[in-house]
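Take the sequence shown: its position 140, counting from 1, is numbered 140 in this note's numbering, and each next residue is one higher. Below is one structure; the comments refer to it alone.
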Amino acid sequence: MRVSLLAAAALLPAYASATFSISSPSGSEFWVFNRSNAVNWTSTAGDPTEFNIDIINTNSSILNGAFSIAPSVANSLSFVISNVTLVPGDGYIMQFVNVSDPTQVFVNSSAFTVMPNGTAPAPPVTGSSSASGNGSSGSATSGSGSSTASGSSASPSATNGASSLLNTKSVVVAAGVMALSALAM
């Protein structure tokens with residue numbers, strides 16, 4: 001029993017630190033009803049090798065609860081969902097979800113729209129972005145297809161927040177390990 005709990009605890013850090021980022025669909029790349037639509041994302045080493053894709057909507061009259069649109073998708077950075085039958089409308093959000101724990105959401109997309117059948121597919125968005133500086137304050141400007149951000153530290157001891165996020169994840173993982181240990185007793 002202890003070996004199983006230790007094995008489960010070893011998996012917690014990998015899932016707690018998933019770094020997926022969904023690039024499409026997005027607010028600027030809609031889907032079309034009853035067509036094949038692409039999902040694109042980025043991933044880093046250590047992210048889960050597979051996940052489920054769920055769709056939710058902020059408007060429960062369009063979609064009430066999570067809809068599992070693709071189970072056990074390989075982490076291959078792209079996937080095509082055939083014949084999307086979601087009701088045309090706004091406020092859809094894609095989620096990558098843990099295959100063995102559907103309550104664990106790795107990432108949410110930005111809200112996107114499903115357009116009626118016959119709508120020409122959205123053109124892919126191109127552009128670039130850059131950021132500089134560190135600390136807790138800064139400014140950003142944006143233009144057509146590009147953005148630039150810069151900032152400076154609010155105090156000599158300010159950090160960019162990465163260590164704070166890492167510490168938060170470590171606390172969550174530690175709490176999970178403690179809970180599993182308590183169950184073993």
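C-beta: ideal position from N, C-alpha, C; glycine also.
In this structure, residue 115 keeps its C-beta atom at 8 angstroms or more from the C-beta atom of residue 71.
Look at residue 33 here: in three-state DSSP terms it is coil, with no helix or strand label. Counting only unbroken stretches of 3 or more residues, the beta strand (DSSP E) elements lying wholly within the stretch 85-112 are 89-97, 105-108, in sequence order. Between residue 97 and residue 51, the gap from beta carbon to beta carbon is short of 8 angstroms. DSSP places residue 59 in the coil class of the three-state scheme, outside both helix and strand. With a cut-off of 8 angstroms on Cβ pairs, the stretch 32-41 is in contact with the stretch 73-91, counting three or more such pairs. In this chain, the beta strand (DSSP E) harbouring residue 79 covers 78-81. The closest CA to that of residue 73, considering only 28, 54, 60, 110, is found on 54. Excluding five sequence positions before and after residue 49, the CB atoms of its chain that fall closer than 8 angstroms to its own CB belong to 74, 75, given in chain order. The beta-carbon separation of residue 62 and residue 95, rounded to 16 angstroms, does not stay under the 8 angstroms limit for a contact.
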